[in-house]
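In our numbering, the protein residues as written are 14 to 672.
No residue lacks a Cβ here, since even glycine has one placed at the ideal position from N, Cα and C.
Note that the structure is a prediction, hence the values are computed from the model and not measured.
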């Protein structure tokens, strides 16, 4: 199309070139406009002058408005044109004139331009602006990245509106817009907006989001500073939105964040909120809101942070923690509960001088934390409680007993504390107290252990045999109720059988060497739950102690609490001593680490197997795979357990059950 133009027509500018095309019978569309812009810009560059004049700007916008769409080529040409510093200065000057006139008339940010009463030039300017906003040039929607830089096109719209300024000014003052985010952003970019202090909070937050979308760092920082000022004065209500904007703008300091946390406790888990910031927020918020902040932070505490945090907050906030549930721990629930228990152990000492009320607060908080950790650990299918967790829980319980001067002579108090702990931690506490208690106090501890083991067996369904269960095979017992139910459900006669499971007698060998000290609760659980079935009990390390049955639970508990888990391990000798005539089942709880010069364990297992004994081992996960495989090849059954419950079930399900 441009081949019909002469050189002097193109050099004279866009209007002259367009007039020549019209005389030749051609319409001016987007493609023709692109050709003219391309050639005209080339000649303007050669002559060293500005590319577009005022009438040429009007022509470009008119073509864009009429086409109702944006051509990528047009946008690219206009972007190149706007790269001229002289062109940008002229456009900014025209924008300043327009906006200064509007502000002089009392215009406020957020008011829009209506089409009523506006001149033709004004309507074209408004239409161009609205069209650009609809196609995404301002909003920057996905897929419109090629028109994301709309500065040149907005400049064209303002320049075109200069001629119809009077009508445009009247229309600008007609009625307010619902949001006005883009106009405020446009005015702020031109440096012509009123001071940010005059904006309400909603408008300020919307302006911050718009500046983030546009990538306007200077305006974003100004908005962030204004939001920070309002946060420090306590006049901020949209706290979370303000936090995101201030964080992006880089205007968020720790003092301001502590004030914002005091208003919105959910911000206590922000990455920038360290222990000092949260502690300051707790002090600002007061006891009730401070307790909510502290409870939330304890749920998400990082390693070592919870203890530091508890030591810095006022006691009133610790008291208020009781009213907030700690069930909402996220992520590693068990580790979070363990950290809370360890930190509250220090809280007990911190509040020791605060009177009876504060000590009682510390007890209740610590017991709640360790009881939740215990339930989480016991419900874990694999792994259970780690050694560090058990140690922290036991130390917390011991600290409670020591701080309240509660001696083991109070059985109810001792049991109320032990019943909240997982069995490994409870055994650790009992063994620690037993070693320092008097004779009378030791009896109290033994009775507490009896009650604890009974509760443990009931909680986990470790009922002792004999009992009646459903059977997949024919037996003399018929379950009438289930037979009727299955017949109705299946539509055909069905008989459900039951069988009586009984437990035979066994000889139990318990490893009490130093390598099994972390699994002492297993020995106590297994020995206590199967007292009626134990005919001989052997405690062994490098030496062996034999107790002949029948045994009482109190006697076994007393023996296990008083025994020292130390020394080397002689498993072979213990197996030989556990074997006795008439009892053909031998169960050993050990990690299979023989540390003395004796017969190899597989050799002893084979000899017992030839003599008609059935040998089984309950091993912790620390047992070496090669040791486990060796005794298994010798004919022994090996059950690897992770918790005391699994150790007991290993005996109950895999070894003792028989019809």
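Where residue 556 falls, given that 16 or more other Cβ within 10 Å makes a residue buried: exposed
Proximity of residue 244 and residue 225 at Cβ, strictly below 9 Å: no
Residues that DSSP places opposite residue 524 in a beta bridge: 553
Sequence-distant residues of its chain with Cβ nearer than 7 Å to residue 506 (five each side left out): 500
Three-state class that DSSP yields for residue 219 in the structure shown: helix
Validate contact between the region 601-616 and the region 577-589 using beta carbons, cut 8 Å, 3 pairs: yes
Nearest-angstrom Cβ-Cβ length linking residue 249 and residue 240, presumed shorter than 8 Å: 7 Å
Of the residues 553, 288, 269, the one placed nearest residue 609, counting alpha carbons only: 553
CA-to-CA distance, residue 653 to residue 620, given in whole angstroms: 23 Å
Boundaries of the alpha helix (DSSP H) in which residue 501 is found, first to last residue: 493-503
Residue 598: first and last residue of the uninterrupted beta strand (DSSP E) it sits in: 598-602
Euclidean distance between Cα positions of residue 634 and residue 640: 12 Å
Candidates 595, 298, 297, 529, of which the one nearest residue 607 by Cα: 529
Coil, strand or helix - residue 659 by DSSP: helix
Unbroken beta strand (DSSP E) run spanning residue 264, endpoints: That residue, residue 264, is in no beta strand (DSSP E); it is neither H nor E in DSSP.
Three-way DSSP call (helix, strand, coil) for residue 442 in this model: helix
Residue nearest to residue 546 in terms of C-alpha spacing, selected from 599, 231, 269, 34: 599
DSSP state of residue 519 mapped onto helix, strand, coil: strand
Outcome for residue 491 when other beta-carbon atoms lying within 10 angstroms are tallied against a minimum of 16: exposed
C-beta contact flag for residue 615 and residue 647 at 9 Å: yes
Sequence-distant residues of the same chain with beta carbon closer than 6 Å to residue 234, five excluded per side: 262
Residue ranges of each alpha helix (DSSP H) within the region 589-653, 4 or longer: 614-623, 638-646
Residue-chain proximity (residue 613, chain D), Cβ-Cβ < 9 Å: Going by chain labels, chain D is absent from the structure shown, which holds only one protein chain.
Beta-carbon proximity check, residue 288 vs residue 270, cutoff 9 Å: no
Contact set for residue 290: own chain, Cβ-Cβ below 8 Å, skip 5 residues either direction: 267, 270, 271, 274
Beta-carbon proximity of residue 463 to residue 567, cut-off 9 Å: yes
Exposed unless 16 or more other CB atoms sit within 10 angstroms - verdict on residue 305: buried
Residue 285, buried or exposed, once every other Cβ within 10 Å from all chains shown has been counted against 16: exposed
As assigned by DSSP and simplified to three states, the class of residue 236: helix
Helix, strand or coil at residue 490 according to DSSP, with G and I counted as helix: strand
Neighbourhood of residue 497 by C-beta, 6 Å cutoff - its chain only, sequence neighbours within 5 removed: none
Helix, strand or coil at residue 576 according to DSSP, with G and I counted as helix: coil
Same chain, Cβ closer than 7 Å to residue 277, five either side skipped, listed in chain order: 252, 253
Counterpart residues of residue 561 in DSSP-defined beta bridges: 549
DSSP-derived helix/strand/coil call for residue 447: helix
Residue 588 vs residue 628 beta-carbon contact at 9 Å: yes
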